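Residue numbers (our numbering): 103 to 382.
Backbone N, C-alpha and C fix where the C-beta goes; we use that ideal spot for every residue, glycine too.
Given the structure is predicted, the values throughout are model-derived calculations rather than measurements.
Rendered as structure tokens:
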């Protein structure tokens, strides 16, 4: 009888030890997962506009679902007295909105302000592009990028409004402003030599020229199959969902002549993507 009692005690002790080992290992795996997960700053190009305000309200809660992403919407504000103010997720930078050189100067100043944060990658997106950061993190963990993005462009035509008045830089490869990706090290180099930027260009073109001329980096991009430009479906939910039903896209680009259409279609996309978040 006493042997049975002793055996029972040993079995209980063994089970307790197994439980301790399991939870210790499980806890360590959780911490390891958190330590290894990529951290992002999502810097969203923004300006004061009725439709952009609606896009901001649509996207802000979505981006909050990504725990390792700090999203900041940046714009010029002529009415502030300091160089910049950061209230919540809105970064106001002292200045007046212009296409060239305003967007480039605003972007470089925003780069400098957010560089103090801890992160692995900075994504410079825009207000009408939706980014799935879970999928982006999965991709970048296996395919690191120093400079690149979701969509590759090659400079090949004149556009005086974007500062391209001659063909000197034709052939330069650059990441579209819809989805620019910079590693922390690349951002450090950009800020170190920011005075070397061609200030007459729009910011995505200027950044591509800067990297080409100053940094030993080959631009890299996520596969084109992971980037989608949403066509004009006049807000038709079933047609839009049919386009994105596999939820495999990292970047969803919205750009129609009527931005109200973009607002309607972005709502459809975000409502569809949020279904998975609600199941978590």
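In the three-state reduction of the DSSP assignment, residue 328 falls in the helix class, which pools H, G and I.
Residue 208 counts as buried, since at least 16 other C-beta atoms from the protein chains shown sit within 10 angstroms of its C-beta.
Residue 295 sits in coil when the DSSP states are folded into three classes, being neither helix nor strand. When 300, 279, 250 are compared, the shortest CA-CA separation from residue 267 is found for 300. Residue 143 is not a Cβ neighbour of residue 228, given a cutoff of 7 Å.
Exposure of residue 259 is indicated by the presence of fewer than 16 other C-beta atoms within 10 angstroms of its C-beta. Measuring C-alpha to C-alpha distances from residue 349 to each of 213, 232, 247 identifies 232 as the nearest. Listed as beta-bridge partners of residue 196 by DSSP are 179. Looking at the backbone, the Cα of residue 237 and that of residue 352 are separated by about 6 Å. Burial check for residue 252: the Cβ neighbour count within 10 Å reaches 16 or more, so the residue is buried. When beta bridges are read from the DSSP output, residue 173 appears opposite 144. About 4 Å separates the beta carbon of residue 250 from that of residue 322, a gap short enough to meet the 8 Å contact definition. Following the DSSP letters along the chain, one finds residue 250 inside the beta strand (DSSP E) bounded by residues 249 to 251. Annotation: residue 358 to residue 313 spans about 30 Å, alpha carbon to alpha carbon. Rounded to whole angstroms, the separation of the alpha carbons of residue 368 and residue 345 is 13 Å.
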